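Numbering follows the UniProt record's numbering, with no gaps: position 5 of the sequence shown is 5.
Just so you know, even glycine gets a beta-carbon here, dropped at the ideal spot from N, CA and C.
Owing to the predicted nature of the structure, the values given are computational and were not obtained by experimental measurement.
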Amino acid sequence: MSASRSNTSITVSSSWVMFTWISFVVALLSMAIAVIYMPMESWLRAYLGLSGLFLVQSSISLSRTLRDQAEVEAAKNS
Numbered sequence: 001m002s003a004s005r006s007n008t009s010i011t012v013s014s015s016w017v018m019f020t021w022i023s024f025v026v027a028l029l030s031m032a033i034a035v036i037y038m039p040m041e042s043w044l045r046a047y048l049g050l051s052g053l054f055l056v057q058s059s060i061s062l063s064r065t066l067r068d069q070a071e072v073e074a075a076k077n078s
């Protein structure tokens, strides 16, 4: 399913973009530091690290999918 993008200009505040990137980096680093320094066996630390990376990847995929669905619905309604 593909949707053509409209020529509508959407502006995003540069401060909002900076805030979202900073929030993402802080959350990712906080999780990584916690997993690295948590007193546990290496296999469990690796499991938590990979689970965290999978959570980040699936969150990105979900947000892109929801955005694409919203664009398709907007194209249908216009």
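- Per DSSP, Val-35 is one residue of the alpha helix (DSSP H) stretching across 14 to 37.
- Straight across, the Cα-Cα distance linking Ala-27 with Ile-33 is about 10 Å.
- Going by beta carbons, Val-56 and Arg-45 fall outside the 8 Å limit.
- If you check the CB distance, Met-31 and Gly-52 come in under 8 Å.
- Counting along the chain, the unbroken alpha helix (DSSP H) around Thr-65 starts and ends at 42 to 77.
- Take the alpha-carbon of Leu-62 and the one of Ser-42: they are about 30 Å apart.
- Rounded to whole angstroms, Ser-15 and Arg-64 show a C-alpha spacing of 21 Å.
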